[in-house]
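In what follows, a structure is listed as structure tokens, so that the remarks can point back to it.
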Amino acid sequence: MSDQILLVRGMLPWTPSPGAELLKVYHRYDQPLQGILDQDGALYLFECVAGEVGPWSVWIYSYVQASEVAALDEAEGEEFEALVAHSRAERPCKLALSMENAGIVVVANVLDMRGGLKAGFEELVALFNEHLEDLRRASVEIEHADWTKLAAS
Numbered sequence: 028m029s030d031q032i033l034l035v036r037g038m039l040p041w042t043p044s045p046g047a048e049l050l051k052v053y054h055r056y057d058q059p060l061q062g063i064l065d066q067d068g069a070l071y072l073f074e075c076v077a078g079e080v081g082p083w084s085v086w087i088y089s090y091v092q093a094s095e096v097a098a099l100d101e102a103e104g105e106e107f108e109a110l111v112a113h114s115r116a117e118r119p120c121k122l123a124l125s126m127e128n129a130g131i132v133v134v135a136n137v138l139d140m141r142g143g144l145k146a147g148f149e150e151l152v153a154l155f156n157e158h159l160e161d162l163r164r165a166s167v168e169i170e171h172a173d174w175t176k177l178a179a180s
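Add 27 to a position in the sequence shown, counting from 1, and you land on the number used in my numbering.
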């Protein structure tokens, strides 16, 4: 059991790995947007924090204990939101960038959420830009490849 969830590229944010099971949904709009996952016996709170209806979305995941899930189940409104914020404040979280029809594409570990989402989001964007640079390099390699040699082999 780990306090860091495993997020697999290509998986849907609400089922982010082959072993993850969606246990509860607190908020949905065409798809689960906030809820509880079980992964290998550990519980995780997940939430879409940006891009609910667009082609790109940002998700946050944090470990929660069964007692915290019970408290979330009983809470409403501001009390519920305060419990969600508390569940992230003092433990490592993961952020994921998801793309419609592609699933999770980039994952960032955020060790300290006390400063809010901004630092984690900036790290996520930096990782995404690294992936874009890799794609640009691959595009240049493809453009300059000698396709006649490849076709002959």
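Beta carbons are placed, not taken as given, at the ideal position from N, Cα and C, and that holds for glycine. Values in this document were obtained by computation on a predicted structure and should not be read as measured data.
Per-residue DSSP class, three states only, for residue i
i      : result
Val35  : coil
Leu15  : Absent from the model: residue 15. The displayed extent of the chain is 28 to 180, so no value can be given.
Glu74  : strand
Val52  : strand
Ala153 : helix
Gly130 : strand
Gly46  : coil
Val96  : helix
Ala109 : helix
Val167 : helix
Ala116 : helix
Close-in-space but distant-in-sequence residues of the same chain around residue i (CB under 6 Å, 5 per side omitted)
i      : result
Leu186 : Given that the chain is displayed from residue 28 to residue 180, the structure contains no residue 186 and the question cannot be resolved.
Glu150 : Ala135
Trp41  : Leu49 and Pro59
Leu99  : Leu110
Val91  : Leu70, Leu72 and Ser114
Burial state of residue i (16 or more Cβ within 10 Å)
i      : result
His82  : Per the sequence shown, residue 82 should be read as Pro rather than His. Classification for Pro82: exposed.
Ile63  : buried
Ser166 : exposed
Leu124 : buried
Ser89  : buried
Ala47  : buried
Val80  : exposed
Glu74  : buried
Beta-carbon contacts of residue i that lie in its chain and below 8 Å, excluding the five residues immediately before and after
i      : result
Gly147 : Ile87, Cys120, Leu122, Ala135, Val137 and Met140
Ala97  : none
Gly130 : Arg36, Gly37, Met38, Leu39 and Pro40
Proximity winner among the options, relative to residue i (alpha-carbon distances)
i      : options                         : result
Val111 : Tyr71, His171, Arg55 and Glu157 : Tyr71
Gln31  : Leu39, Arg164, Tyr53 and Gly68  : Gly68
Asp65  : Cys75, Val76 and Val52          : Val52
Cβ-based neighbour list, residue i, same chain, cut-off 7 Å, excluding 5 preceding and 5 following
i      : result
Gly78  : Ser84 and Val85
Ala102 : Leu110
Asp57  : none
Ala93  : Leu70
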